[in-house]
Every structure is written in C-alpha cells, then in structure tokens.
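Peer 1: Residue numbers (this note's numbering), protein chains in the order written: chain V, 1 to 338; chain E, 339 to 676.
Following this message is one structure expressed as structure tokens.
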C-alpha cells in the first residue's frame, strides 16, 4: 500500500499533491475585508450583470476555475477532474459551471466544509495516481443563500445577534502530482456530529463540536498538538463559534492560542454589521486561496492545518423540527524547501 | 504509481476493491417489480411509521447501511467511511443518516448517478489504501422527490407521457480491500453534458447524451466494445431514454444488444402506469445491489459495466429557463475465480 492509514480518520500522503495555483473572486461587500488586497477579482455588483443571483454565483465559479487553470499554466484538457460543491440545492452552481469544461466532474456536498472536503478528496485522487491535475473549487453568494435558506431578500428581516453573513466569493485550487508549491501532506475526514442545536441562526454553535471532534482526532492520529502548526485555520465558525471551539478544546486539554484563526471571524471588519462574521463555502475558500496561500508560498508559514466546517441542514429539516448535524474536514499543508 | 490512468476519464484499479456485501430496502409500489424477490426488505407503507416522508427516506438509508455493514460481518467501527448522496436539498437523507454512525462521512451529489459515483470514488479510496472498508449508499423516495422537484402530492397532477416515476428505495454496498465477492476493476468518471433539453418531464432524453459520452469514453479508454461485457446496465434512462441511447450509440458505430438493460425501464411492470419507467437514485441502487449483485455472486455474469446517469437540475434552475445538464459515471465489476 502506498499510503498509511494512521488512525480511523487521518490519511497521510506519500506523493504529497502540490497546490500549483489558486484563484479567488469576491463580492463587493468583501471589498472592505482586511484581506481584500489579496483577492484576485472583486466584483462591483453582486449580480455581475447576470439576470439572477444564481447565475451570478455560477459565473463566479466558472471564472474562478478558468483562471486557476490558466494561472497554473495548464490547458483545460490537462485538468483531469473538477471536484466541486456549493450550498445551492442540487449544487447547481458547481454542476452548471462544470458543463463549460471538457473535464470529468465529481460533485460533492459538505455545506461550508466543501473547500476542505474537495481538497481532501482531491488530494487522495492525485496522491493515488488516479489523476494528475484536479481543480478543487467552491463558492457561495449572500443573495442566493439568504433566499434559499432563510427569507426573501425583500423582506429585510432583522438578523439575530448569533447570525453570520454568507460571504459572496469563490475559490479554486489546482492540485497536481508535480510542480512547485505548498503540498498537502495529510487529510483528516470528519464524522457527522450533532449536539442538538436547533437554532438555524446559530450555526457557529452547531458546528463547533464537529470542529472539536475532527481536531482532536487529527492530533491523536498524528501525535501532534496545536503547537506543531504555525497556523490552525477554521472555516466559518464566526466569533461565537470559534470562542466555543476554544473553550471545548481547552476542556479537552488543548490550548488554541495565537496560532488559531477563524475565517468567518476574521473576514469582515467590525463596522460591517455582520454580527458573528462571515459564513458560506466561499468564506474559507476566499481566504484560504488568497491570503493564506500567499503566506505559505512566501514561506511565512511552514505547516498549517486548514479545517472547514459545515452545517448539514436544509430548510425542510429545520421545518420538521430537526437539529443541525455538522461536520469538519481538515487538511495539512506544508511548505517544503524547493 | 500504483494505478494507471488509461485515458482522460478511466482509471483501473490494481488492488481491485471487493464488494463484500450489499443490502436494499424498497417501497410498497416496488413490491410489484419483477425484481422484488431479490430486495432484502419491502416496506408496507411508504411512510414507514415516520411523521414525514423525508424522515421515512432517511430511515431507509440508515437501515440499509446498518444491515449492509452487519451482513458484511463488520462492526461499525471497522467501516472507515460512509460515501453517500441522495436527491434531497443539501442531501439531508445522507447527512442525517450519517450522524447515526461513528464513521467519517463524505457527502456526494450526483443526482441519479449517485450509486455509481459513490462506488467510483469509494473504489479509488479503498484501492489507494486510504480506507479498508467503506459503505457506498444512496436512496430516493417518490413522495419526497415529487414534492421537492415537481408539485405538491395533494395536487394529483397528470403525468406527461415522457415522465418517469421516482423509485422509493435504497441500496448500500460495502467495499473492502479484502474479502470475497465481485471486484471493481475500473471506473470511468463522467463529464457534464448538456444538449439543451429544457423539458423537466423528459429526463431520459436529457441524460442519454451523457450516457453515450461516458460509454464511448470508456470503450475508447479501455479498448473494449459492448461485446466485451456480459451485461451493460444503465441507471434510470427509462424506456424512451434508453431507446435514445441505443440510437445515439448506433450512430457512433456501437451496437447495444441483448446484453444491455436499463434499470428505469426494467424496474416496473407495464401495468404500473409509470409512463417511461422508474427514476431516482434508488432505482439503480435497488436493482444493482439486489438482483445484479446476486447474478454476479452466482457467476451468472463474469464482467458487467454499471453506469448510473444523473440530471443535475434544480427547480430553481428550471424556473430560470435553464436546460438540464447531465452526467454519467460507470464502473466495471468482475467476477474472478475465488
């Protein structure tokens, strides 16, 4: 066997797939993010001259994948698979974007954990020799998510203090069996965790236990601690959710310190009135594929753990009185001397 | 590298994952199917004593996975991953079922191609040595799909002649790196194909071109023809869709003859008034994991190609005037002497 199954949840990669390029597109509200200087394209209008928000979201996805492939110096026919997912019912942003590419397509659904899920699955498929180059991508859009998951936009509902703001953005990473760039050395797949949170406006609290489970499994499987990583990044727990994660981890004997950051907590500034911060697949996709990848490439960080969390609910499940099952998938990216 | 990438779309497995067990649950209408003697459990009521059809669908999924694991002689903690998907928004049948298992979970979305998609991805992950045992599962339910994708059940709409009937059923296959059973030798991943069909009541016509593309890619990649297979099974093209596929293939110089069968066309009998036949993830999952697996195990067939097709639309995309992009994934299962 080529790779070793360290524990029940973590796999290590012998042929460490390389992230040879990334690309990001953000919406206009995200322009005021501290991280916006690192986004590749910032839209001036969140409809991007399309006649629906759903079509705008899909256009973001298409553009992001196109540009990531181009930046990698590849022709489209050199990309063996698109591995994508998003928040839309039947992941239409991904599937409709995929018809623009003459490439095999593997659709995933992991809600806001999608960026990490696509990278973890993609890394297995490249490491195992099944594909040479794969594009891992996801996206989200405030206006499509809001009207699908919550209320019509025109209603102008008040937002509860525990809510988060779905990020309009997309990110794509090209994984390759060769080339230069940071490498994915491990992946820890998550288990579905449900602590009984039923408040659909408190996703951070629902997802924090899933984040804790995956983090602890990762540390146990790999005999590491938080101190072994220059940076630990979570997806979109938001301010409250990431504070809950810090507390939960402390109860289990792990201290998440200065080397811990949550994309949802960090993406918007305090004047943007997003309550607990950002959410959506696009949140971690945007920051991971822009600022954090830049830091890795510039050797600011040597080894980071990137874990995106997802709340696996639907409006139907909530209407039927269900709680919110959640999941978190993690990957480790290392910067080797090249 | 452990495996060889034959073409752009087909991978072959060096450590051919074994299908060590399968299990199926069907709804009451499916009891009148010719294949029902091979289903493991047939429900008497399609709500299965749950207070919503969605919860009944989820219960089918849970039960199917539980029983497939048990039949494999495994404890739950010996299963390394659940690889699942379904038709529901945010694949809630899969994700909510997964919280009942202490196992990592990889959610996929491929519409009605899901059974083949989970087996193809699962086979890569087992062949590559990342996991020892994985459960690949999917399900669909007439009453949840009907009200989500089409009309309220109470409306009693007439069904157009080109329509198909969503199968109530679920199927699970346990793939293992060891053990006895038919083995997956290859997988051909599909590309998203869109011939511009906008009639959401004619899924067979929308999916047939995707089926043709994947079949031809498979034959080209592997230097085979339809005659090299004892049986070629498609998912749920239905009567009309499978006739279109036969025509399309004939135009390309391939004759699909007596060794070709479509699960959607075959599952219901003519007196069941399903127009073009069955559809839904559960359609091919039900027949593949019952009758066809039994035939393989009894050495009636030595080598079969199983290809499930999916229509990647959502009601939102159709309301916005979009056509129906489709996909087909295929796997080859071989019965080696053991």
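The C-beta atom is built at its ideal place from N, Cα and C for all residues, glycine as well.
These figures come from a predicted structure and were not determined experimentally.
(1) What's the C-alpha gap between residue 593 of chain E and residue 371 of chain E?
(2) Taking the C-alpha atoms as reference points, what is the distance between residue 37 of chain V and residue 199 of chain V?
(3) Leaving out five residues on either side along the sequence, give the residues of the same chain with a beta carbon under 6 Å from the beta carbon of residue 171 of chain V.
(4) Compare the C-alpha of residue 644 of chain E against each of E/529, E/652, E/570 and E/513 and name the closest.
(5) Restricting to Cα atoms, I'd like to know which of E/674, E/660 and E/666 is closest to residue 96 of chain V.
(6) Entirely within the stretch 267-336 of chain V and at least 3 residues each: give me those beta strand (DSSP E) ranges in chain order.
(7) DSSP beta-bridge partners for residue 471 of chain E?
(8) Could you please give the first and the last residue of the uninterrupted alpha helix (DSSP H) stretch that includes residue 102 of chain V?
(9) Using 10 angstroms around the beta-carbon of residue 18 of chain V, count the other beta-carbons present and answer buried if the total reaches 16, otherwise exposed.
(10) Is residue 418 of chain E close to chain V, meaning its C-beta is less than 8 Å from at least one C-beta of that chain?
(11) Could you check what DSSP says for residue 193 of chain V in three-state terms: helix, strand or coil?
(12) Taking just the CA atoms, how far does residue 111 of chain V sit from residue 142 of chain V?
(13) With DSSP collapsed to three states, give me the class of residue 95 of chain V.
(14) Answer yes or no: do residue 578 of chain E and residue 534 of chain E have a C-beta to C-beta separation smaller than 8 Å?
(15) Please report whether the beta-carbon of residue 130 of chain V lies at a distance below 8 Å from any beta-carbon of chain E.
(16) Applying a beta-carbon distance threshold of less than 7 Å, which residues of chain V neighbour residue 347 of chain E?
(17) What is the residue span of the alpha helix (DSSP H) that residue 121 of chain V lies within?
(18) Could you name the residues of the same chain whose beta carbon sits closer than 6 Å to that of residue 334 of chain V, not counting the 5 residues immediately before and after it, in chain order?
(19) Starting from residue 500 of chain E, trace the alpha helix (DSSP H) in both directions and tell me its first and last residue.
(20) Give, in chain order, every residue of the stretch 490-517 of chain E whose Cβ lies closer than 7 Å to some Cβ of chain V.
(21) What residue range is occupied by the uninterrupted beta strand (DSSP E) comprising residue 483 of chain E?
(22) Near residue 259 of chain V, what residues of its chain come up, given a Cβ to Cβ distance below 8 Å and the 5 sequence neighbours on each side ignored?
(23) Starting from residue 99 of chain V, find everything on chain E with Cβ-Cβ shorter than 8 Å and list it in chain order.
(24) Mind checking if residue 85 of chain V is an interface residue toward chain E, Cβ cutoff 8 Å exclusive?
(25) Could you give the DSSP three-state label for residue 361 of chain E: helix, strand or coil?
(26) Can you list the residues of chain V that residue 446 of chain E reaches, using a CB-CB cut of under 8 Å?
(27) Name the chain V residues that come within less than 9 Å of residue 654 of chain E, Cβ to Cβ?
(28) Against residue 119 of chain V, what residues of chain E qualify as contacts under a CB-to-CB distance less than 7 Å, listed in chain order?
(29) Can you check DSSP and say which residues form a bridge with residue 10 of chain V?
(30) Quick one: is residue 553 of chain E near chain V, going by C-beta distance under 8 Å?
(31) With a threshold of 8 Å between beta carbons, is residue 412 of chain E in contact with chain V?
(32) Less than 8 Å separating the beta-carbons of residue 116 of chain V and residue 330 of chain V?
(33) When you compare the CB of residue 521 of chain E with every CB in chain V, is at least one pair closer than 8 Å?
(34) Where residue 190 of chain V and residue 437 of chain E are concerned, what is the direct C-alpha to C-alpha distance, given to the nearest angstrom?
(35) Check whether the stretch 540-559 of chain E and the stretch 398-405 of chain E touch, using three or more Cβ-Cβ pairs below 8 Å as the test.
(36) Take every Cβ of the stretch 312-328 of chain V, pair it with every Cβ of the stretch 206-225 of chain V, and state whether three or more of those distances are shorter than 8 Å.
Peer 2: In this structure, then:
(1) Within the second chain, the letter at position 255 stands for residue 593 of chain E. Within the second chain, the letter at position 33 stands for residue 371 of chain E. Each residue's alpha carbon lies about 28 Å from the other.
(2) Mapped onto the first chain, residue 37 of chain V falls at position 37. Mapped onto the first chain, residue 199 of chain V falls at position 199. About 35 Å.
(3) Walking along the first chain from the start, residue 171 of chain V turns up at place 171. If we look at residue 171 of chain V and ignore the five residues flanking it on each side, its Cβ neighbours are 24, 285, 286 and 289.
(4) In the second chain, counting from the first residue as 1, residue 644 of chain E sits at position 306. That would be E/570, whose Cα lies nearest to the Cα of residue 644 of chain E.
(5) The residue you call residue 96 of chain V lines up with position 96 of the first chain. Among E/674, E/660 and E/666, the Cα nearest to that of residue 96 of chain V belongs to E/660.
(6) 303-311 and 326-334
(7) Counting from 1 along the second chain, the entry for residue 471 of chain E is found at position 133. In DSSP, residue 471 of chain E forms a bridge with E/514.
(8) Along the first chain, read from residue 1 onward, the residue named residue 102 of chain V stands at position 102. Taken as a continuous stretch (DSSP letters only), residue 102 of chain V belongs to no alpha helix (DSSP H), as it is neither H nor E.
(9) Position 18 of the first chain, counted from the first residue, corresponds to residue 18 of chain V. Buried, by the Cβ-count rule.
(10) Position 80 of the second chain holds residue 418 of chain E. At least one CB atom of chain V sits nearer than 8 Å to the CB of residue 418 of chain E.
(11) In the first chain, residue 193 of chain V corresponds to position 193, counting from 1. DSSP places residue 193 of chain V in strand when its eight states are reduced to three.
(12) Counted from its first residue, the first chain places residue 142 of chain V at position 142. Counted from its first residue, the first chain places residue 111 of chain V at position 111. So the alpha carbons of these two residues sit roughly 14 Å apart.
(13) As a working mapping, residue 95 of chain V is identified with position 95 in the first chain. Helix.
(14) On the second chain, residue 578 of chain E is found 240 positions in, with the first residue counted as 1. On the second chain, residue 534 of chain E is found 196 positions in, with the first residue counted as 1. Contact: no.
(15) Taking the first residue of the first chain as position 1, residue 130 of chain V is located at position 130. Chain E contact via Cβ: present.
(16) As a position in the second chain, residue 347 of chain E is number 9, starting the count at 1. Neighbours of residue 347 of chain E on chain V, chain order: 104.
(17) For the purposes of this step, residue 121 of chain V is taken as the residue at position 121 of the first chain. Where residue 121 of chain V is concerned, the enclosing alpha helix (DSSP H) stretches over 114-127.
(18) As a position in the first chain, residue 334 of chain V is number 334, starting the count at 1. Around residue 334 of chain V: 183, 185 and 303.
(19) Translated into the one-based positions of the second chain, residue 500 of chain E becomes position 162. Secondary structure note for residue 500 of chain E: it is in no alpha helix (DSSP H), with a DSSP letter that is neither H nor E.
(20) none
(21) By one-based count along the second chain, residue 483 of chain E stands at place 145. For residue 483 of chain E, there is no enclosing beta strand (DSSP E); the residue is found in the alpha helix (DSSP H) stretching over 480-487.
(22) Taking the first residue of the first chain as 1, we reach residue 259 of chain V at position 259. Only 226, 227, 229, 230, 231 and 232 meet the Cβ criterion.
(23) Numbered from its first residue, the first chain carries residue 99 of chain V at position 99. Result: 530, 531, 532 and 663.
(24) Position 85 of the first chain holds residue 85 of chain V. True, the Cβ-Cβ gap to chain E drops below 8 Å.
(25) Indexing the second chain from 1 puts residue 361 of chain E at position 23. Three-state result, residue 361 of chain E: strand.
(26) Taking the second chain and counting its residues from 1, the one referred to as residue 446 of chain E is at position 108. Within 8 Å of the CB of residue 446 of chain E, the CB atoms of chain V belong to 106, 107, 108 and 109, in sequence order along the chain.
(27) Indexing the second chain from 1 puts residue 654 of chain E at position 316. Here the neighbours are 52, 54, 88, 89, 90, 92, 144 and 148.
(28) Taking the first residue of the first chain as position 1, residue 119 of chain V is located at position 119. Within 7 Å Cβ-Cβ: nothing; residue 119 of chain V doesn't reach chain E, min ~12 Å.
(29) Mapped onto the first chain, residue 10 of chain V falls at position 10. DSSP, once it has assigned bridges, lists V/188 as partnering residue 10 of chain V.
(30) Reading the second chain from its first residue, position 215 is the one you call residue 553 of chain E. No, residue 553 of chain E lies away from the interface with chain V (no Cβ there is under 8 Å from its Cβ).
(31) In the second chain, residue 412 of chain E corresponds to position 74, counting from 1. At a cut-off of 8 Å between beta-carbon atoms, residue 412 of chain E makes no contact with chain V.
(32) In the first chain, the residue the question calls residue 116 of chain V occupies position 116. In the first chain, the residue the question calls residue 330 of chain V occupies position 330. Yes, the Cβ-Cβ distance between residue 116 of chain V and residue 330 of chain V is below 8 Å.
(33) As a working mapping, residue 521 of chain E is identified with position 183 in the second chain. Against chain V, the CB of residue 521 of chain E has no partner CB under 8 Å away; the residue lies outside that interface.
(34) The sequence position of residue 190 of chain V within the first chain is 190, counting from 1. The sequence position of residue 437 of chain E within the second chain is 99, counting from 1. Approximately 11 Å between the Cα atoms of the pair.
(35) no
(36) yes
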